[in-house]
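Asks: In mature numbering (1 follows the signal peptide of the UniProt record, and there is no 0), the protein residues as written are -21 to -1, 1 to 430.
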Amino acid sequence: MKLSSSKTLALVLILNSSANAAPSPHPAAAYSTPRFLDYLPSSLRLLFESPDSFLSPQDYGYDFAGDSSSSSSSSSVGPFSSSNHHTVCPIDTPVSCTLPDDPTGDTCCYENNGLFLVTQFWDYNPATGPADLFTTHGLWSNKCGGGYEQFCNKNIAISNATEVLLSLGKEHLLQRMSYSWKDISGRDADLWEHEFNKHATCMDTINPDKCYDSDAPKWQYVGDFFETVVDFQASLPTYKFLQKSGIVPSTEKQYALSDILEALRKHGRGTYPRLGCTRSGALQEVWYYFHLKGSVVHGHYIPVNTTVAHSCPDQVWYYPKGSGNTTPGNGGGGSGDPNSGYLKLSGQPGCLISTGKWFTSGTCATFHKKPAAFGGITLTSSKGNCDVVNGVFSCARSNSLGQFTEDSDGNIVYGGISGWSAPNVPASNEQVSIVSGSDATISFQLQLVFK
Ligand SMILES: *[C@@H]1O[C@H](CO)[C@@H](O)[C@H](O)[C@H]1NC(C)=O
Ligand SMILES: *[C@@H]1O[C@H](CO)[C@@H](O)[C@H](O)[C@H]1NC(C)=O
């Protein structure tokens, strides 16, 4: 397998580095290793050596010398993980998003939230990651019809990705993550943990209690997920896809959005990704879409077109890393400034009170908005953290601090859904719960209105 052979290669390079043997394909491999490394087991040396001092992109799985692209149109990719502890899925496992919700079938082989996104950043300022690499944002499982669940299972969440991977003996995977999965403010491991806890805990098919045999190491599902993310990302080298069509970063000229999309379709997986741009029209994110046949870690991913609108103008800046204005409000920051206001419902009387309920005959509560770690916003009231609990908006001490976003019109969005609803307009002195989505009778949007 690609991964294990790269690992072997890296180890061989280290062991050879003092031997002055035949010329290495990686000139940097001939540099002498810092002394303290000599005292470490060879597997651990990998961690302390700066990645690019002896590994080439190929060693991270970014191996695209051979042009597979023109033949790749709409063919499935994966599986990406070598785990042999996961439930084996039948060959006729249905493709995600083809069954009605809540199938009775084996959840270790079918994802209900079956629209997968492989998301990448182009963080050009501050320059983040290699100059010719769209860095990893994550692997997300969205609902087939739009929106997503988040932070689904605290019991399988992680707070120390690095130690978990070391306990699995996955030093090389850790190094590959450090190369390509970069946080804009340098908190790489925090980003990995955030992505795992927000998205991977919502994926049924990697549930450690149901989908792994009893011999599996405790954190096998974490290693499998991260390995899948890194291999999947490496199979989508966006920079190279664009370069093949002559689209390279420039501060001088813009590119037509349609040309960028066409290059990514042609040299990528034969489908159109969704592009995200900054407010000044500079390319900042690429999201590739897939359906899944089988489990997240052993399945085949089938490319599909995006159904989400691009947030880019017709002419797009594609800046070299290190140029352009500071990348605003992406993974590192969150769009909102700290601020306070009332939560009002569009087209409806009244506002929300501090518990998060809708009230029409009293004083509005003050809600505080703060940027959330890795994007979006959080809301609190005098009653505590606001979150959506079993579909219902509420604020309470016992709540987790929910993650919301704001759309370009300033509407509060939860799980990718900007609509909210309630069974009825509150009668006098009645307090009514509001739910995420438009399923209840009265629909509206929610906005923080400044005092
Ligand atoms: C950190 O990871 C180790 C596994 O190596 C685990 O035993 C421990 O509980 C983890 N600690 C936390 C705080 O998650
Ligand atoms: C993606 O969209 C293009 C253009 O609309 C279409 O020709 C192609 O069949 C679509 N691919 C898939 C897999 O749906």
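From the three backbone atoms N, C-alpha and C, an ideal C-beta is built for every residue, glycine too. A quick note: this is a predicted structure, and the numbers were derived from the prediction, not measured.
In terms of alpha-carbon separation, which member of Y251, S61, T342 and P282 lies closest to residue 490?
Replies: As displayed, the chain neither begins before -21 nor continues past 430, which places residue 490 out of reach and without an answer.
Asks: Kindly list the residues whose CB is nearer than 6 Å to the CB of C123, restricted to its own chain and excluding five residues on each side of it in sequence; keep chain order.
Replies: So the list reads C76, G93 and L94, once near-sequence residues are dropped.
Asks: Tell me whether E385 sits in a helix, a strand or coil according to DSSP, three-state version.
Replies: strand
Asks: What does the alpha-carbon distance come out to for the pair S373 and G416?
Replies: 15 Å
Asks: Using the Cα positions of T86 and G202, report the straight-line distance between them to the nearest angstrom.
Replies: 20 Å
Asks: Going by Cα to Cα distance, which pick from L240, T357 and Y103 is closest to P228?
Replies: When each option's Cα is compared against that of P228, the closest is Y103.
Asks: Enumerate in chain order the residues of its own chain whose CB-to-CB distance from N408 is below 7 Å, with the five nearest sequence positions on each side excluded.
Replies: The beta carbon of N408 sits closer than 7 Å to those of S340, all from its chain and outside the five residues before and after it, given in chain order.
Asks: Taking its Cβ as the centre, do 16 or more other Cβ atoms sit within 10 Å of D418, making it buried, or is it exposed?
Replies: So D418 ends up on the exposed side.
Asks: Can you tell me which of the three DSSP states Q99 falls into?
Replies: strand
Asks: Is T250 near ligand 2, in the sense that its beta carbon is under 6 Å from a heavy atom of that ligand?
Replies: For T250, the Cβ falls inside the 6 Å cut-off from some heavy atom of ligand 2.
Asks: Can you determine whether any heavy atom of ligand 2 sits closer than 6 Å to the C-beta of N186, and answer yes or no?
Replies: Between ligand 2 and the CB of N186, the shortest heavy atom gap is not smaller than 6 Å.
Asks: Would you tell me roughly how many angstroms separate the C-alpha atoms of D167 and F423, rounded to the nearest one?
Replies: 38 Å
Asks: Rounded C-beta distance between S120 and H279? I'm assuming under 8 Å.
Replies: Not a contact, Cβ separation roughly 15 Å.
Asks: Mark P79 as exposed unless 16 or more other C-beta atoms lie within 10 angstroms of its C-beta, in which case mark it buried.
Replies: exposed
Asks: Assuming V283 contacts H270 (C-beta within less than 8 Å), just tell me the rounded distance between them.
Replies: Confirmed, about 6 Å.
Asks: Return yes when the C-beta of N284 is under 6 Å from any heavy atom of ligand 2, and no when it is not.
Replies: Relative to the non-hydrogen atoms of ligand 2, the Cβ of N284 comes within a distance shorter than 6 Å of at least one.
Asks: Check the C-beta distance from G395 over to G125 and give it rounded, since I have them as a contact under 8 Å.
Replies: 6 Å
Asks: Rounded to whole angstroms, what's the CA-CA distance from S259 to H65? Just pull it up for me.
Replies: 45 Å
Asks: Assess contact between the region 170 to 181 and the region 129 to 143, defined as three or more Cβ pairs (one per stretch) separated by less than 8 Å. Is contact present?
Replies: With the cut-off at 8 Å, the region 170 to 181 and the region 129 to 143 touch.
Asks: Quick check on the burial criterion: 16 or more other C-beta atoms within 10 angstroms. Buried or exposed for F429?
Replies: exposed
Asks: Can at least three beta-carbon pairs, one atom from the region 146 to 154 and one from the region 98 to 115, be found at a separation below 8 Å?
Replies: No contact exists between the region 146 to 154 and the region 98 to 115.
Asks: Going by C-alpha to C-alpha distance, which of Y298, K272, N318 and G255 sits closest to T285?
Replies: G255
Asks: Apply the 10 Å Cβ neighbour rule to S49 and answer buried if 16 or more other Cβ atoms are within range, or exposed otherwise.
Replies: Only weak support exists for where S49 lies, its pLDDT of 44 falling under 50; the value from the coordinates is given anyway. Under this definition S49 is an exposed residue.
Asks: Which word fits I70, buried or exposed, when buried means at least 16 other C-beta atoms lie within 10 angstroms of its C-beta?
Replies: I70 counts as exposed, since fewer than 16 other beta carbons sit within 10 angstroms of its beta carbon.
Asks: Is the beta carbon of A242 closer than 7 Å to that of L221?
Replies: yes
Asks: Can you tell me which residues form a DSSP beta bridge with L324?
Replies: L425
Asks: So which of E385, P405 and D238 has the shortest CA-CA distance to V295?
Replies: D238
Asks: Shortest alpha-carbon distance to residue 457 belongs to which of N186, D194, P109 and Y200?
Replies: In the structure displayed, the chain extends from -21 to 430; residue 457 sits before or after that span and is not available.
Asks: Check G416 in the structure and name its three-state DSSP category.
Replies: Looking at G416 - three-state DSSP - the assignment turns out to be coil, as it is neither helix nor strand.
Asks: Keeping to the same chain, check which residues put their C-beta closer than 8 Å to that of H347; ignore five residues upstream and five downstream.
Replies: Excluding positions up to five away in sequence, the list reads P317, N318, S319, L358, T359 and S360.
Asks: Specify the secondary structure class of S164 as computed by DSSP and reduced to three states.
Replies: coil
Asks: Less than 7 Å separating the beta-carbons of T230 and W160?
Replies: Going by C-beta atoms, T230 is not nearer than 7 Å to W160.
Asks: Have a look at V392, A406 and L427 and flag the residue whose alpha-carbon is nearest the alpha-carbon of Q129.
Replies: V392
Asks: Could you give the distance in angstroms between the alpha-carbon of S290 and the alpha-carbon of P196?
Replies: 42 Å
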